[in-house]
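S.K.: First the structure, which I've put down as structure tokens, then a few questions once you've had a look.
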Amino acid sequence: CSAGVGRTGCFIVLDSMMRQIEARGDINIFSYLKHIRSQRNHLVQTEEQYIFVHDALIEAIESGETHINKANLPRYIHGLQCIDVTDEKHQPPKLLEKQFKLVISHYPSKSEFSSALKICNQSKNRSSEFLASDSSRVYLNSTEIDGSDYINASWLPGFFHIREYIVSQHPSAATIPTFWQMVWEQDVQLIVLLSSIDSQECCSFWSTSEIHGSLQWEINGYQRMKVTLLDDVDTASKKAIRISLEFIQCDVGNIQNGIASISREVWIYYSPNWPQQCSPLSTVFDLIKSVDEEQNRLAANAISSGPTVIIDRFGSSQAATFCSLKSLWHQLHFEGGVDVFQMAKLYHFCRPGIWRTQDEYLFMYCALEAYVTNNGTTIPSPVDIDQWKNGFQLNGCVRVSRVYTDSVTRVLTENGSMSDSCLLRIPPEGQESATLLRHHHHHHHHHHIHCSSTTPDDDPLMSTSTE
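Per the UniProt record's numbering, residue 1 is the first one in the sequence shown, and the count goes up by one each step.
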């Protein structure tokens, strides 16, 4: 980094502490930092960086390795839906539940939404549950009027750029001018519309009357904006609308008399039933591919460098799912694996509350699985479960001993909460698996735990046991 102390120090501490966790199962950030500061002053420069190191290590310990190779995806998803044997409660939660809680663990304070909660801006929000936070909201060029820089739209990162997408609620009748102002100012040429157009709740924000029908409004005493419908494409594979967005400079004192104008074309891809009606599941990616082709066409013609706007009714999980899956689809192609957890957590930071349920989170895993396995027709080779290892690895760095596993089996039996076949845990990269099978013999349950591992015997992670 610039001075070679602040962020460099963070990197060194994080890397060393992660290695220490793997080798010894413990960490001491304070002592280690004191030690390396005797070799180079000011490593980890600020209090914020020191806090960040702790936060990052907590996340690494709690969530483990969440980057999953393509071939391991089906098995990893299976594991997410299994019980967590390290939990001592009578009914251990599924790992998916624990992971989703980590995704949404950031609870924002009201101060993070100071603009959205201003009295002059409250009517601009469709729902008080989906607001644009100050740190990631899209700022409009403001006038003297208080709140004129606010729109309920947030920046989200993609695979290629930190500001690849803008997620927006569906414009209401009152916010149509500010929506198009944002599109103009941010150089947007592509909009993906996932909300249904109806006359009451989500009205059209362009003129739908006929081709060349238009909407226009005054910006101030000498400027107008005009939106004109140029084309409406409605085929089996593509529903899209081509719009002309025009910025008109007018005669001062006579707003009708346009002196000069600049115009730009904007495409709106319309898919109101995405992803609910995608069947088979891998067809979720059809819209993503269409949008990607359009982005590539715009980039090749050097037309657009602006972000893509994704709209659903409230600027919530439907739009977030689209942005996530598109980013993860690129990650899959470039890296051969995906990290759904990191992407979802990042989006929650950018637009808190964007994920409502763990089913929405699981859906992204399942859609990616459908894509890589061709809807379940091609499946990676099954795990060899013939050999038993003395325990198995959890979350990349914790080991559960056989004794503990057996006690969980007993707890499960007593509570009758076990299904006919209940998997315990399949970790992402270590690739051990344990299957808990249930048999019926005269109402007595016999449990057999099979465990296999591809982890070498001298794996440093296997040296500590947690009872």
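From the three backbone atoms N, C-alpha and C, an ideal C-beta is built for every residue, glycine too. Here the structure is a predicted model, which means the values were calculated and not measured.
In angstroms, rounded to a whole number, what distance separates the CA positions of Phe334 and Asn69?
M.R.: For the purposes of this step, residue 334 is taken as residue 334 along the sequence shown, with counting starting at 1. For the purposes of this step, residue 69 is taken as residue 69 along the sequence shown, with counting starting at 1. Taking the straight line from one Cα to the other gives about 12 Å.
S.K.: Quick one, which of Ile268, Phe314, Trp274 and Trp217 has its alpha-carbon nearest Cys250's?
M.R.: Numbered from 1 along the sequence shown, position 250 holds the residue referred to as residue 250. Among Ile268, Phe314, Trp274 and Trp217, the Cα nearest to that of Cys250 is on Trp217.
S.K.: Quick check on residue 468: buried or exposed, where buried means 16 or more other Cβ atoms within 10 Å of its Cβ?
M.R.: Outside the displayed span of the chain (1 to 467) sits residue 468, for which this structure offers no information.
S.K.: Please state whether DSSP places Tyr50 in a helix, a strand or coil.
M.R.: Translated into positions along the sequence shown, residue 50 becomes position 50. Of the three classes helix, strand and coil, the one that applies to Tyr50 here is helix, per DSSP.
S.K.: Contact defined as beta carbons within less than 8 Å: I believe Leu193 pairs with Tyr270. What is the distance between those atoms, to the nearest angstrom?
M.R.: Locating residue 193 in the sequence shown gives position 193, where the first residue counts as 1. Locating residue 270 in the sequence shown gives position 270, where the first residue counts as 1. At roughly 5 Å, the Cβ-Cβ gap stays under 8 Å, so Leu193 and Tyr270 are in contact.
S.K.: How is Asp316 classed by DSSP in three states: helix, strand or coil?
M.R.: Locating residue 316 in the sequence shown gives position 316, where the first residue counts as 1. The sequence shown places Ser at residue 316, rather than the Asp named in the question. Coil.
S.K.: Indicate the three-state DSSP secondary structure (helix, strand or coil) for Glu97 in the structure shown.
M.R.: Stepping through the sequence shown from its first residue, residue 97 is reached at position 97. Here Glu97 sits in helix by DSSP.
S.K.: In terms of alpha-carbon separation, which member of Ser114, His170 and Gly9 lies closest to Ile311?
M.R.: The count along the sequence shown starts at 1 and reaches residue 311 at position 311. Of Ser114, His170 and Gly9, the residue nearest in Cα terms is His170.
S.K.: Run through the DSSP bridge pairs and tell me what Thr308 is partnered with.
M.R.: Walking along the sequence shown from the start, residue 308 turns up at place 308. Answer is Tyr165 and Leu190, bridged to Thr308.
S.K.: Please report the residue range of the beta strand (DSSP E) in which Thr228 lies.
M.R.: Here residue 228 refers to the residue found at position 228 of the sequence shown. Unbroken beta strand (DSSP E) run through Thr228: Gln223 to Asp234.
S.K.: Can you tell me which residues form a DSSP beta bridge with Asn220?
M.R.: Taking the first residue of the sequence shown as position 1, residue 220 is located at position 220. Answer is Gln223.
S.K.: Exposed or buried, which one is Val252 when buried takes at least 16 other CB atoms within 10 Å?
M.R.: The residue given as residue 252 occupies position 252 in the sequence shown. Its Cβ having fewer than 16 others within 10 Å, Val252 is exposed.
S.K.: Would you identify the three-state DSSP class for Tyr365, choosing helix, strand or coil?
M.R.: Looking up residue 365 in the sequence shown gives position 365. Helix at Tyr365.
S.K.: Exposed or buried, Phe160, counting other C-beta atoms within 10 Å across all chains shown (16 or more means buried)?
M.R.: If you number the sequence shown from 1, residue 160 lands on position 160. By the 10 Å Cβ count, Phe160 comes out exposed.
S.K.: Are the CB atoms of Asn152 and Gln181 within a distance shorter than 9 Å?
M.R.: Numbered from 1 along the sequence shown, position 181 holds the residue referred to as residue 181. Numbered from 1 along the sequence shown, position 152 holds the residue referred to as residue 152. Taking 9 Å as the Cβ cut-off, Gln181 and Asn152 do not qualify as a contacting pair.
S.K.: Return the first residue and the last residue of the alpha helix (DSSP H) that Lys289 is part of.
M.R.: Position 289 of the sequence shown, counted from the first residue, corresponds to residue 289. Its alpha helix (DSSP H) spans residues Val284 to Ala300.
S.K.: Kindly identify the DSSP beta-bridge partner or partners of Gly337.
M.R.: The residue labelled residue 337 in the question sits at position 337 within the sequence shown. Looking at the DSSP assignment, Gly337 forms a beta bridge with Asn69.
S.K.: Can you find the residues in the same chain that come closer than 8 Å, C-beta to C-beta, to Phe130, ignoring five residues on each side of it along the sequence?
M.R.: Position 130 of the sequence shown, counted from the start, is the residue given in the question as residue 130. Counting only Cβ-Cβ distances below 8 Å, and skipping sequence neighbours, we find Asn152, Gln169, Phe314, Gly315, Ser316, Arg351, Gly353 and Ile354.
S.K.: For Ala132, does the three-state DSSP call read helix, strand or coil?
M.R.: Residue numbering aside, residue 132 sits at position 132 when the sequence shown is read from its first letter. Ala132 falls in the coil class under three-state DSSP.
S.K.: Taking its Cβ as the centre, do 16 or more other Cβ atoms sit within 10 Å of Pro275, making it buried, or is it exposed?
M.R.: Sequence index remark: in the sequence shown, residue 275 carries index 275 (1-based). Counting Cβ neighbours within 10 Å, Pro275 comes out buried, since at least 16 surround it.
S.K.: By DSSP, does Trp206 sit in helix, in strand, or in coil?
M.R.: Looking up residue 206 in the sequence shown gives position 206. Looking at Trp206 - three-state DSSP - the assignment turns out to be coil, as it is neither helix nor strand.
S.K.: Looking only at its chain, what residues have a beta carbon closer than 8 Å to the beta carbon of Ser2, apart from the 5 residues adjacent to it on each side?
M.R.: Residue mapping note: residue 2 aligns to position 2 of the sequence shown, counting from 1. Same-chain partners within the cutoff: there are none.
S.K.: Closest to Lys226 by CA distance: which of Glu265, Lys238 and Asp232 is it?
M.R.: Here residue 226 refers to the residue found at position 226 of the sequence shown. Comparing Cα-Cα distances from Lys226 to each of Glu265, Lys238 and Asp232, the minimum goes to Glu265.
S.K.: Is it buried or exposed, Ser195, if we count other Cβ atoms within 10 angstroms and call 16 or more buried?
M.R.: Position 195 of the sequence shown, counted from the start, is the residue given in the question as residue 195. By the neighbour-count rule (16 or more Cβ atoms within 10 Å), Ser195 is buried.
S.K.: At the level of alpha carbons, what is the spacing between Glu369 and Ser31?
M.R.: Sequence index remark: in the sequence shown, residue 369 carries index 369 (1-based). Sequence index remark: in the sequence shown, residue 31 carries index 31 (1-based). Their Cα atoms are separated by approximately 43 Å.
S.K.: May I ask you to report which of helix, strand or coil DSSP gives Asp149?
M.R.: Locating residue 149 in the sequence shown gives position 149, counting from the first residue. If DSSP states are grouped into helix, strand and coil, Asp149 belongs with coil.
S.K.: On the CB-based measure, 16 or more other CB atoms within 10 Å of its CB, does Asp359 come out buried or exposed?
M.R.: What you label residue 359 is simply residue 359 of the sequence shown in a count that begins at 1. With fewer than 16 other Cβ atoms within 10 Å, it is exposed.
S.K.: Using the three-state DSSP reduction, which class does Val183 fall into: helix, strand or coil?
M.R.: Against the sequence shown, residue 183 aligns to sequence position 183. Note: Val183 maps to helix in three-state DSSP.
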